[in-house]
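**Q**
There are 2 protein chains.
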Amino acid sequence: MAASPFDFTPLLPANLPPPAARWTGRVKFDFTGGNNDPDALPLDGLIAAADAVLRREGRSLATYGLNSGPQGYRALRDFLVLKLGRDAGIRCGADDILITSGSLQALDLVNHTLLTRGDTVIIEEDCYQGSINRLLRLGVTPVGIPLDRDGMRIDALEAALVSLKAKGVRPKYIYTIPTVQNPTATVLPPERRAALLKLAADHGVPVFEDDCYADLTWSGARPPALHALSGRGDVIHIGSFSKTIAPALRVGYIVAPWPLLSRMLALKTDAGSGALEQMVLAEYCNAHFTQHLPVLRRALRAKLVTLMEALRRNFGAAAEFDDPQGGIFLWVKLPDGVDALRLFQLAQAAGVAINPGPEWSVNKARAASRLRLCFANLSHEEISQGVALLAEICHAEFGLPR
Amino acid sequence: MAASPFDFTPLLPANLPPPAARWTGRVKFDFTGGNNDPDALPLDGLIAAADAVLRREGRSLATYGLNSGPQGYRALRDFLVLKLGRDAGIRCGADDILITSGSLQALDLVNHTLLTRGDTVIIEEDCYQGSINRLLRLGVTPVGIPLDRDGMRIDALEAALVSLKAKGVRPKYIYTIPTVQNPTATVLPPERRAALLKLAADHGVPVFEDDCYADLTWSGARPPALHALSGRGDVIHIGSFSKTIAPALRVGYIVAPWPLLSRMLALKTDAGSGALEQMVLAEYCNAHFTQHLPVLRRALRAKLVTLMEALRRNFGAAAEFDDPQGGIFLWVKLPDGVDALRLFQLAQAAGVAINPGPEWSVNKARAASRLRLCFANLSHEEISQGVALLAEICHAEFGLPR
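Sequence order for the protein chains is A and B.
With numbering that gives the first Met the number 0 applied, the first sequence corresponds to residues 0 to 401, in that order.
With numbering that gives the first Met the number 0 applied, the second sequence corresponds to residues 0 to 401, in that order.
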């Protein structure tokens with residue numbers, strides 16, 4: 000026991016990401032992450048579903064994949080066929096779906112199937128941090144397309160495609176979160192969806208549609224998915240139960256043509272995603288998903304109102320934001336002098352976690368004074384207190400709000 | 000809809016694995032895979048555990064990682080600290096453990112943290128197919144060490160290390176399944192463990208210990224883990240609940256020093272493994288794991304006896320095998336004329352699935368007439384019928400058994 004510990008350092012490959020930091024717990028006012036409203040979690044329904052499905056077919060847990068094969072529990076895929084048809088207009092069968100360990104594994108599988116070092120992809124300029132980081136880690140260049148209040152700007156997309164073509168670059172895909180975009184919460188209107196698909200087709204570029212927030216519009220209405228609007232089999236569609244049921248469950252899915260899905264399946268070397276969660280979700284969602292959603296949407300909308308009121312009260316005109324059509328986050332612009340990365344550090348030390356804009360954009364300059372504030376997991380009181388604390392820090396450091 | 004479907008082929012990177020085949024269901028007599036005994040699955044206990052843990056703390060599902068951080072549900076790691084100390088002699092804390100999506104994700108994380116194309120590793124000559132395939136896919140050379148009835152031969156290990164050293168090659172690790180080895184079911188005795196660790200230390204090579212079958216010795220006894228016997232922090236230890244509770248759950252774990260674990264954690268980009276399964280396992284195992292194991296072991300041992308009797312009855316002296324000390328599989332040697340790969344194809348067509356030896360060994364010639372037969376998932380009657388059918392096929396094709 001006295002020997003000095005073995006040094007693994009010389010054995011590590013050159014291109015590893017930096018080591019993870021020790022986890023030190025969550026801060027009191029955590030406005031980050033896709034965490035959801037604990038009170039809107041349909042706990043009684045999940046408990047009843049777990050009991051029912053385990054009593055009926057629990058012994059199938061003794062078999063890898065529950066006798067459903069490597070694409071995931073059949074009853075869950077059957078539910079998704081119905082749900083995606085009804086809500087997103089997607090026509091697919093259970094064999095077109097691969098259940099994944101959250102939509103993050105879906106992102107990884109799509110990326111590892113299509114991308115290689117030196118590739119270029121198109122994304123929305125302000126974009127989910129996890130998607131940006133994955134691309135950079137793979138040595139892929141993300142070309143950002145600016146957004147306006149209706150999501151990705153089609154004129155800018157066309158200009159980017161033309162410019163890349165002139166340089167002989169064919170992007171591997173156009174990645175978009177068209178419905179409740181992360182972090183802007185914009186919803187791409189149908190005419191822009193058609194135009195995006197037309198451009199993609201003209202340039203021979205597939206579309207990668209990340210639909211994980213699409214069930215969370217306040218009205219419950221949403222445009223058809225890009226997957227539904229394209230008849231060309233050029234759209235990869237991914238989604239998740241993290242935002243609608245519970246993030247800790249880690250259940251997502253991919254809808255893609257078999258020639259591509261079969262390549263992703265070959266890269267999914269985990270012998271299937273968690274069966275218990277798939278069983279419980281299928282059992283619960285088949286009976287209750289459509290009744291659950293309005294309850295969740297109302298709870299989220301109410302927390303958003305609390306957040307917007309707290310921002311207006313504490314920041315006044317210094318905090319600019321649109322009233323989002325759905326989702327769990329607000330994309331906030333502070334005055335140009337505010338360094339969001341600096342604010343992030345100070346706030347963290349004071350017990351307030353925020354997502355600084357530069358981490359959620361490929362346009363670091365434009366996002367320099369922006370924040371992403373997630374509002375689903377905190378209580379109404381915590382939202383108000385956290386925003387007040389953030390305003391105090393902001394005032395002390397930047398003299399804002401005045 | 001009339002347009003021809005988008006062709007993804009030109010977009011795929013060069014080094015993708017071949018596409019997965021469509022799943023066509025399991026054959027009637029499936030002697031493959033790590034599937035377990037459905038009757039020994041502790042279903043009532045799991046149902047009660049799910050109900051209790053969800054009622055008590057189910058609302059934490061609204062948060063990624065259940066407020067336990069990225070290394071996994073704290074109560075499950077606490078159980079593992081106790082279990083690994085009691086059963087395997089491992090002294091570790093909850094912070095030394097990373098919960099994974101089955102031990103297959105653990106394999107991938109260890110490999111991606113340590114290996115790069117062109118590397119060499121040492122493994123047991125007859126070895127888990129998934130481990131061999133992962134290495135080959137990564138462009139890593141596995142050097143196989145022959146086994147005898149006591150597992151890896153230490154003289155052969157020493158010769159291999161010396162030979163590699165002479166060539167200037169430092170293997171990245173020695174991978175071993177020391178306790179109920181897959182596929183030979185051998186258990187490495189304590190003195191060989193000490194000798195293996197000594198050789199590893201002398202050559203500066205870490206040890207990668209895969210302990211996923213270690214709870215399944217018939218006696219319940221097992222030598223201390225290599226991790227427990229080394230005081231040098233040079234052993235990476237992985238395990239699983241797949242073989243003891245249920246494979247479909249997909250819960251495994253890694254025990255490793257933090258400088259290495261923090262690199263694996265950085266590569267674990269799925270925002271945690273399934274929380275519901277971790278919660279149910281922690282709740283169930285804390286109360287019942289030690290009572291459950293003897294029930295499972297007895298059920299497995301009885302099925303092994305049925306399998307060995309069926310082999311003796313149908314194959315006579317043509318089927319050679321040792322009486323394993325534990326596990327869920329039997330490694331069978333048929334006469335030299337039998338081509339196991341050919342037998343595999345014929346048997347599959349007749350509704351009998353087997354693992355042909357060459358797929359479970361890096362010594363293809365020596366394994367040419369060997370089979371791995373898993374016995375946990377089939378009923379006693381199916382085991383008997385399946386072996387009789389296998390003997391018929393073998394007789395028709397190879398004139399054996401006579």
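The beta carbon of each residue, even a glycine, is placed where N, CA and C say it ideally should be.
For B:I46, decide whether its Cβ has a neighbour in chain A, counting only Cβ atoms nearer than 9 Å.
**A** yes
**Q** Tell me which residue opens and which closes the beta strand (DSSP E) that B:R300 is part of.
**A** If you look at B:R300, you'll find it isn't in any beta strand (DSSP E); it sits in the alpha helix (DSSP H) that goes 274-314.
**Q** Rounded to whole angstroms, what is the Cα-Cα separation between B:Y172 and A:G238?
**A** 38 Å
**Q** Expressed to the nearest angstrom, what Euclidean distance is found between the alpha-carbon atoms of B:I235 and B:G101?
**A** 16 Å
**Q** Going by DSSP in three states, B:W359 sits in which element: helix, strand or coil?
**A** helix
**Q** What does DSSP give as the partner residues of A:I173 in its beta bridges?
**A** A:I121, A:V206
**Q** Going by beta carbon distance, what residues of the same chain come within less than 8 Å of B:M0, once the five residues before and after it are set aside?
**A** A caution first: B:M0 carries a pLDDT of 46, below 50, which makes its placement in the model too unreliable to give a value.
**Q** Under a three-way DSSP split, which group does B:P404 fall into?
**A** Examination of residue 404 of chain B is not possible in this model, given that chain B is present from 0 through 401 alone.
**Q** Please list, in chain order, all residues of the same chain as A:K332 whose beta carbon is under 8 Å from its beta carbon, the five residues on each side excluded.
**A** A318, E319, F320, S368, R369
**Q** Which term fits B:V432, buried or exposed, when burial requires 16 or more other beta carbons within 10 angstroms of its beta carbon?
**A** What the structure shows of chain B is the stretch from 0 to 401, and residue 432 of chain B is not part of that stretch, so it cannot be assessed.
**Q** Within the 9 Å Cβ cut-off, does A:T175 reach chain B?
**A** no
**Q** If the criterion is Cβ atoms closer than 9 Å, does the pair A:F397 and A:V337 meet it?
**A** Inclusion of A:F397 and A:V337 in the CB contact set at 9 Å is warranted, their separation being smaller than that value.
**Q** Using DSSP's beta-bridge definition, name the partner residues of B:K332.
**A** B:E319, B:R369
**Q** Let me make sure I understand the geometry here. Which of B:L11, B:A20, B:E56 has the alpha-carbon closest to that of B:M278?
**A** Relative to the Cα of B:M278, the nearest Cα in the group B:L11, B:A20, B:E56 belongs to B:E56.
**Q** Determine the direct distance from the alpha carbon of A:L228 to that of B:T99, and round the result to whole angstroms.
**A** 38 Å
**Q** Suppose you measure from the CA of A:I131 to the CA of B:I327; what does that come to, to the nearest Å?
**A** 44 Å
**Q** Quick one: what does DSSP say B:I244 is sitting in, helix, strand or coil?
**A** B:I244 falls in the coil class under three-state DSSP.
**Q** Label B:E380 either buried or exposed according to how many other C-beta atoms from any shown protein chain fall within 10 Å of its C-beta, with 16 as the threshold for buried.
**A** The residue is exposed, with fewer than 16 neighbouring Cβ atoms inside 10 Å.
**Q** State the DSSP-derived secondary structure class of A:T178, mapped to helix, strand or coil.
**A** strand
**Q** Would you report the Cα separation of B:Q180 and A:L79, rounded to the nearest angstrom?
**A** 40 Å
**Q** Residues of the stretch 272-284 of chain B in Cβ contact with chain A at a cutoff of 8 Å, in chain order, please.
**A** S272, G273, A274, L275, E276, V279
**Q** Let me confirm a value: A:N14 is counted as buried when at least 16 other C-beta atoms fall within 10 Å, else exposed. Which label applies?
**A** exposed
**Q** Taking only three categories from DSSP, how would you classify B:Y63?
**A** helix
**Q** What are the boundary residues of the beta strand (DSSP E) that A:L42 is part of?
**A** Note, A:L42: premise wrong, no beta strand (DSSP E); alpha helix (DSSP H) at 42-56.
**Q** Buried or exposed for A:P9, going by 16 or more other Cβ atoms inside 10 Å?
**A** exposed
**Q** Does the stretch 12-26 of chain A touch the stretch 243-251 of chain A, meaning 3 or more C-beta pairs lie closer than 8 Å?
**A** The stretch 243-251 of chain A is not in contact with the stretch 12-26 of chain A.
**Q** Tell me the DSSP secondary structure of B:V142 in three-state form.
**A** strand
**Q** Indicate whether at least one CB of chain B lies closer than 9 Å to the CB of A:P141.
**A** no
**Q** With a cut-off of 9 Å, does the C-beta of A:S261 fall near any C-beta of chain B?
**A** Chain B contact via Cβ: present.
**Q** Between the Cα of A:I392 and the Cα atoms of A:R300, A:A309, A:Q347, which residue gives the shortest distance?
**A** A:Q347
**Q** Applying the 10 Å Cβ sphere with the 16-neighbour rule, what's the burial state of A:S360?
**A** buried
**Q** Report the rounded CA-to-CA distance for B:S383 versus B:N362, giving the unit in angstroms.
**A** Taking the Cα positions, B:S383 is about 30 Å away from B:N362.
**Q** With a Cβ-Cβ cutoff of 9 Å, do B:I122 and B:I144 count as a contact?
**A** yes
**Q** Roughly how many angstroms lie between the CA atoms of B:D95 and B:L275, to the nearest whole one?
**A** 22 Å
**Q** Hey, is the stretch 290-303 of chain A in contact with the stretch 27-42 of chain A, meaning 3+ C-beta pairs nearer than 8 Å?
**A** yes
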